[in-house]
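Enquirer: Anchor point for the sequence shown: position 68 equals 224 in our numbering, and the numbering is continuous, going up by one each time. Built from N, CA and C at the ideal position, the CB exists for glycine as well. Given the structure is predicted, the values throughout are model-derived calculations rather than measurements.
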Amino acid sequence: MAGDISTPPGEAMGKRPPIDEAELSKLFGQIREIEGSLKGIAEQLANFARSATERAQETESFAAHILALQSIVAVLSRHANAAPESIAAEIRDEIKARTAGLSGSADGSPEVHAIARALLGEGR
157 MAGDISTPPG EAMGKRPPID EAELSKLFGQ IREIEGSLKG IAEQLANFAR
207 SATERAQETE SFAAHILALQ SIVAVLSRHA NAAPESIAAE IRDEIKARTA
257 GLSGSADGSP EVHAIARALL GEGR
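In structure tokens:
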């Protein structure tokens, strides 16, 4: 169709523009470069996915250890001869000593204090 904007120049009159071998070679070279870059990106993404999976597994293992320790501490504290109220101050002092530097709070980590209170059954 003459005058159709989707028709490449020269085809409107039944003629195709000549193929420039140098341009075509350059185009294929660029395509090969892009393909190589995409393969590299795919490999990097696969490595990232493997690392993310490993980190998730490590985190799950870490969380499982913490939950196990929390369970043990909770049971031991229920069966101890001392009442939780009598050892609460000592526990607070221990938490303060162990976490003050890490938490930036002179009283220690509020999160650790909250977990200890929950384990001892305070605030229920």
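1) Taking the straight line between their C-alpha atoms, what separation do you get for Ala270 and Leu232?
2) Answer with buried or exposed for Ala272, where buried requires no fewer than 16 other C-beta atoms within 10 angstroms of its C-beta.
3) Which residue comes first and which comes last in the alpha helix (DSSP H) that contains Asn203?
4) Once DSSP output is grouped into helix, strand and coil, what is the label at Ile261?
5) Arg248 by DSSP, collapsed to three states: which one?
6) Hey, how far is the Cα of Ser242 from the Cα of Arg254?
7) Leaving out five residues before and five after Ile247 in sequence, what residues of the same chain have Cβ atoms less than 7 Å from its Cβ?
8) Distance check for Glu214 and Ala220, CA to CA, integer angstroms please.
9) Would Leu275 and Ser265 be called neighbours here (beta carbons separated by less than 8 Å)?
Expert: Result, derived from the coordinates:
1) Spanning the two alpha carbons is a distance of roughly 18 Å.
2) Counting Cβ neighbours within 10 Å, Ala272 comes out buried, since at least 16 surround it.
3) 177–235 is the span of the alpha helix (DSSP H), which, as asked, contains Asn203.
4) With the sequence shown as reference, residue 261 is identified as Ser, and Ile is not the correct amino acid for it. Under the three-state reduction of DSSP output, Ser261 falls in the coil class, being neither helix nor strand.
5) Three-state DSSP puts Arg248 in a helix.
6) Rounded to the nearest whole angstrom, the CA to CA distance from Ser242 to Arg254 is 20 Å.
7) Taking Ile247 as the centre and dropping the five residues before and after it, the same chain places the C-beta of Ala272 closer than 7 Å to its C-beta, in chain order.
8) Roughly 10 Å separates the two Cα atoms.
9) Remark: C-beta atoms of Leu275 and Ser265 do not approach each other more closely than 8 Å.
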